[in-house]
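>
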Amino acid sequence: MEEKDSNSQPFQNSSIPEAFLKPYAPQESEHVMYALWETSRYFNPDVCIENGVTKADADIFSIVLPPPNVTGTLHMGSALMLAIEDILVRYHRMHGTRTLWIPGTDSAAIATQARVEKEIQKSEGKSRHDLGREELLKRIDTFVEDNKSVMLAQMRSIGASLDWSRYAYTMDEKRYHAVMEAFVRMYNAGLIYRGNRIVNWDPKGQTTISDDEIVYEERKAKLYTFTYAIDFPIAISTTRLETKVGDTAVAVHPDDERYKHLVGTEYDVVFCDVPLHIKIIADASVEKDFGTGALGVTPAHSQLDWEIADRHNLSRPAVINEYAKMTVDGRLGGLKVTDAREKVAEWLREENLLISVEEITQNVSTAERTGGIIEPLPKLQWWIDVEKPFVMKESHIKGITSGQEVTLKELMRISAEQGDVKFVTERFEKQYLHWAKNLRPWCISRQIWFGHRIPVWYRTHTLNDETIIHADNAVEMHVGITPPEPTGWTQDPDVLDTWFSSGLWTFTTLGWPEETADLKTYHPTTLIESGYDILPFWIARMILMSGFFLGQVPFKTIYLHGLVRDGQGRKISKSLGNNIDPVDMAEKYGMDAVRVSLIAGMVPGTDSKISEEKIRGYKHFANKLWNITRFVLTSVEGADVNHTISLLSTPHSPFYAELSSLIALVDTHFSNYRIDLASDALYHYVWDRFASEIIEESKPLLNGHDEEAKKVRQQELCDGLLCILKLLHPFMPFVTESIWQQLPLKIRGDERELLMVAEWPKI
RNA sequence: GGGCGGUUAGCUCAGUUGGUAGAGCAGCUCGUUUACACCGAGAAGGUCGGGGGUUCAAGUCCCUCACCGCCCACCA
91 MEEKDSNSQP FQNSSIPEAF LKPYAPQESE HVMYALWETS RYFNPDVCIE NGVTKADADI
151 FSIVLPPPNV TGTLHMGSAL MLAIEDILVR YHRMHGTRTL WIPGTDSAAI ATQARVEKEI
211 QKSEGKSRHD LGREELLKRI DTFVEDNKSV MLAQMRSIGA SLDWSRYAYT MDEKRYHAVM
271 EAFVRMYNAG LIYRGNRIVN WDPKGQTTIS DDEIVYEERK AKLYTFTYAI DFPIAISTTR
331 LETKVGDTAV AVHPDDERYK HLVGTEYDVV FCDVPLHIKI IADASVEKDF GTGALGVTPA
391 HSQLDWEIAD RHNLSRPAVI NEYAKMTVDG RLGGLKVTDA REKVAEWLRE ENLLISVEEI
451 TQNVSTAERT GGIIEPLPKL QWWIDVEKPF VMKESHIKGI TSGQEVTLKE LMRISAEQGD
511 VKFVTERFEK QYLHWAKNLR PWCISRQIWF GHRIPVWYRT HTLNDETIIH ADNAVEMHVG
571 ITPPEPTGWT QDPDVLDTWF SSGLWTFTTL GWPEETADLK TYHPTTLIES GYDILPFWIA
631 RMILMSGFFL GQVPFKTIYL HGLVRDGQGR KISKSLGNNI DPVDMAEKYG MDAVRVSLIA
691 GMVPGTDSKI SEEKIRGYKH FANKLWNITR FVLTSVEGAD VNHTISLLST PHSPFYAELS
751 SLIALVDTHF SNYRIDLASD ALYHYVWDRF ASEIIEESKP LLNGHDEEAK KVRQQELCDG
811 LLCILKLLHP FMPFVTESIW QQLPLKIRGD ERELLMVAEW PKI
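Read in order, the letters of the first sequence are residues 91 to 853 in my numbering.
1) Could you tell me the alpha carbon to alpha carbon distance between Gln-805 and Leu-844, rounded to whole angstroms?
2) Restricting to Cα atoms, I'd like to know which of Tyr-266, Thr-428 and Arg-265 is closest to Lys-331.
3) In the structure shown, what three-state DSSP assignment does Met-822 receive?
4) So does the stretch 819-830 actually touch the stretch 706-715, counting three or more Cβ pairs closer than 8 Å?
5) Which residues in the same chain have their Cβ closer than 6 Å to the Cβ of Ser-327, if we skip the five residues on either side of it in sequence?
6) Compare the C-alpha of Asp-379 against each of Ile-814, Pro-479, Asp-345 and Glu-604 and name the closest.
7) Buried or exposed for Leu-723, going by 16 or more other Cβ atoms inside 10 Å?
8) Among Val-364, Pro-135 and Gly-142, which residue has its Cα nearest to the Cα of Phe-151?
9) By how many angstroms is the C-alpha of Pro-293 removed from the C-alpha of Ser-213?
10) Go ahead and pull the three-state DSSP assignment for Val-160.
11) For Thr-580, which of helix, strand or coil comes out of DSSP?
12) When you compare the CB positions of Val-454 and Tyr-306, do they come within less than 9 Å of one another, or not?
13) So, at 7 Å on beta carbons, what are the nonlocal neighbours of Lys-800 in its own chain, with the 5 sequence-adjacent residues on each side left out?
14) Have a look at Lys-238, Ile-371 and Ser-168 and flag the residue whose alpha-carbon is nearest the alpha-carbon of Gly-652.
15) Please look up how many angstroms separate the CB atoms of Pro-407 and Gly-336, rounded, as I've assumed it's under 8 Å.
16) Between which two residues does the beta strand (DSSP E) carrying Trp-472 extend?
17) Are Ala-414 and Glu-465 closer than 9 Å when you measure CB to CB?
18) How is Trp-114 classed by DSSP in three states: helix, strand or coil?
19) To the nearest angstrom, how far is the alpha carbon of Gly-285 from that of Trp-472?
20) Considering only their Cβ atoms, is the gap separating Leu-190 from Arg-901 smaller than 9 Å?
21) By Cβ distance below 6 Å, which residues in the same chain neighbour Phe-590 in space, the five residues on each side in sequence not counted?
22) Straight-line CA distance for Asn-669 to Ile-753?
23) For Ala-729, write down the residues that DSSP places opposite it in a beta bridge.
24) Rounded to whole angstroms, what's the CA-CA distance from Ser-247 to Gln-832? Just pull it up for me.
25) Using the Cβ count rule (16 or more neighbours within 10 Å means buried), how would you classify Pro-576?
26) Does the beta-carbon of Val-481 have 16 or more other beta-carbons within 10 angstroms, so that it is buried, or is it exposed?
27) Is it buried or exposed for Glu-727, if we count other Cβ within 10 angstroms and need 16 for buried?
28) On the three-state DSSP scale, how would you describe Asp-321?
29) To the nearest angstrom, how far is it from the Cα of Ile-410 to the Cα of Lys-426?
30) Buried or exposed for Leu-170, going by 16 or more other Cβ atoms inside 10 Å?
31) Could you check what DSSP says for Phe-133 in three-state terms: helix, strand or coil?
32) In whole angstroms, what is the alpha-carbon distance linking Arg-803 and Ser-782?
33) Please go through the stretch 651-718 and give each complete alpha helix (DSSP H) segment of 4 or more residues, from N-terminal end onward.
34) In the DSSP assignment, the alpha helix (DSSP H) including His-367 goes from what residue to what residue?
35) Could you give the first and the last residue of the continuous beta strand (DSSP E) run that contains Tyr-357?
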């Protein structure tokens, strides 16, 4: 950009701050503004009270930041989340509300461990077993520490006015202890148990994963139809031939006329070298129209079959191990499942038992993190029983009375149905209720090393201790944060599902299990704000946990935002190369522009778009504001303006009336969580009204000879500017604060020094 | 299979209780006389996915069809 000839510079000898002689340069001031806010310590509501910014008995607005994973750097999705929350937080803080926003980061157990393991494998060619548990955890800690500092710096760069004095990490000491405490209490209430059930086993990651971590992939497969033996009366169909050596029954529909006469008969066959005892049973879960209408029941390797086995008291031989290899004797022994499948097909052909082979497409379950094909296996795991009634000693939840007996499932349903938690977007309530209704036992143990280790201890010798109960295998077990004696006890090697600890997040961040002042003051939190993609994972589990431990809902309102997509509405993905980095964009156009372009046109619950053109547009807007200031300052130079905070409370001209209705409109949009509409209204007022019309109309007035009219207009311009700065501050904190900091005292009047804590204009 | 969204200007989307179709970006024409060219002025552009219904009046309410997308379940 060329420097203007100094002779043509009209402000050469004026008192206009020099910064306004150039276009707005966000890069120079953003970090300075953030430092100013942070050192003021006003992000902390206690400091606001001490300094009279907030009254101690003011209304509460509390919100816990959904902790970003320490694995990554900040992407547009997290930037959107931070922007929305910061806008709401700044808005409430300026209203004099006692406002708390708690920052945190998430260890993201499986994702983080997988990431570090992969890097070590790549650079050193070593697996986690080569390193050992202790060494791997050390490496992960180093990785986390490195990443964390980058993450936190980026969160600051967004402008997030988080109370850093209350920062929490899911794996820090306080949170770790709270999670242990939670496990023990839930166990003692009888809601956590250890049991053998079918789990989703990921042979690649060598761990259990939850239903929610499964991704279905469409694949072509062969559907084989065959009989177990020449004299076996029913043909069955399957895509997983190799599991058939684990069959104990053939199930048919009770109403199926073809097979009715066979129900109850039993057969002994030798299938692929494996002796089987097959019982023919009738079960309503069988589809008459699929395949032959008869289902070979493999209790140990299918969720559905396991449940059928429950109903018919069948045995459940396991034939596949954790490495997806066959455990039977004979020709299949030790083979991988895919090879075994071929082998069985071969055998069927030889024996003339194969009736047909059909190409079908089916959904294969794969692990989200590793891509491994899920092998359903029976395993001894820890579970949360969501259907077991317990007594809720003290309930603050609408629809549940203290002392009432409820199940976790009912608790989740009632919290939403009675309106104790409200959804900003109604359709998510339907989704949530549907999910809560179909909730099954929740498997909370994971066979990885990084995470909250299960507080259960085992030893093989007996001891007379009342706290000891007997598990299977005649091993003694003790549930507690520490072992009953310093030696002789081994801790369960598994760690907890990351969502177990995340479910406690709204109250562990406030100091639970201690009964802290924070917990009393800020819980239930006012609002949870997150992407809709983690509704079942996280939102639902927080309601469960908070209900159980505190008899409260974790938050009163649920605001879910959508995905951030690219300018054409495509998902942001590495393969498309369409990623737009918020930090890069901020360097180019300023963070305010990034923030506003993220929330403009973003309706709660729907996906939104971001593009570089859009960001550029709002950069221009920031500059417009800058130049409006320049004009106003020039116009009132030497004039006698006198600003007091209360000025706006008595609108005495169309100008003030218009400002009042703008404030009212913005407030209405905020109360409906439509910050997109609020920012839109402000954008248009500032540009189309204030800049294009009011300022233009002012020019003849300011140059005219009617001194009274000139004076009135000068006052109006000042008040208008201050009002606009305040209204825009939540959206564009950097440029508005930059301007505020450079306003001459006579214009700022008796307002506070930091715009961040200035009083919201009153109508 | 079950559920839920969406379809409005070239592109991306608003449109609150039914009352004369809106914005941003792109594009077109013109303009650089001092807040801002990171600007201003102006014009153009839509039978609101198709069909039917309710109503004095429908982008908005109801029915139906088509297409796109998402979530859940999952057939062995």
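The beta carbon of each residue, even a glycine, is placed where N, CA and C say it ideally should be.
Looking at the coordinates:
1) Using only the alpha carbons, I get a separation of about 22 Å.
2) The displayed chain sequence assigns Leu, not Lys, to residue 331. Selection Tyr-266, Thr-428 and Arg-265 evaluated against Leu-331 yields Thr-428 as nearest (Cα-Cα).
3) Coil at Met-822, not helix or strand.
4) Contact between the stretch 819-830 and the stretch 706-715 is present: 3 or more CB-CB pairs across the two stretches fall below 8 Å.
5) Taken in chain order, the residues that qualify are Leu-313, Thr-315, Gly-381 and Thr-382.
6) Comparing Cα positions, the closest option is Asp-345.
7) With a threshold of 16 other beta carbon atoms within 10 Å, Leu-723 meets it and is buried.
8) Looking at the Cα atoms, Pro-135 is the closest of the given residues.
9) If you take the alpha carbons of Ser-213 and Pro-293, they lie about 23 Å apart.
10) Coil.
11) Thr-580: strand per DSSP, three-state reduction.
12) Note that the C-beta distance between Val-454 and Tyr-306 is below 9 Å.
13) Result list for Lys-800: Leu-791, Leu-792 and Gly-794, in chain order.
14) For Gly-652, the closest C-alpha among the options Lys-238, Ile-371 and Ser-168 is that of Ser-168.
15) Rounded, the Cβ-Cβ distance is 5 Å, consistent with contact.
16) Where Trp-472 is concerned, the enclosing beta strand (DSSP E) starts and stops at 465-474.
17) Yes, these two residues count as a Cβ contact at 9 Å.
18) This sequence places Tyr at residue 114; Trp is not what is there. DSSP places Tyr-114 in the coil class of the three-state scheme, outside both helix and strand.
19) Using only the alpha carbons, I get a separation of about 6 Å.
20) Because the chain in this structure spans residues 91 to 853, residue 901 falls outside the shown range and cannot be described.
21) When the five nearest sequence neighbours on each side are left out, the beta carbons in the same chain lying within less than 6 Å of the beta carbon of Phe-590 are those of Ile-534, in order along the chain.
22) Between Asn-669 and Ile-753, the C-alpha separation is close to 36 Å.
23) Answer by DSSP bridge pairing: none, since Ala-729 is not bridged.
24) Their backbone Cα atoms lie some 21 Å apart in a straight line.
25) By the C-beta density criterion, Pro-576 is exposed, having fewer than 16 other C-beta atoms within 10 angstroms.
26) The residue in question, Val-481, is exposed, as its Cβ has fewer than 16 Cβ neighbours within 10 Å.
27) Glu-727 comes out exposed.
28) Coil, per DSSP.
29) Ile-410 and Lys-426: Cα-Cα distance of roughly 9 Å.
30) The residue is buried, with at least 16 neighbouring Cβ atoms inside 10 Å.
31) If DSSP states are grouped into helix, strand and coil, Phe-133 belongs with coil.
32) The straight-line gap from Cα to Cα measures roughly 16 Å.
33) For the stretch 651-718, whole alpha helix (DSSP H) runs of length 4 or above, ordered along the chain, are 672-679 and 681-689.
34) Secondary structure note for His-367: it is in no alpha helix (DSSP H), and the uninterrupted beta strand (DSSP E) holding it is 364-372.
35) Looking at the DSSP string, the run of the beta strand (DSSP E) that includes Tyr-357 is 356-361.
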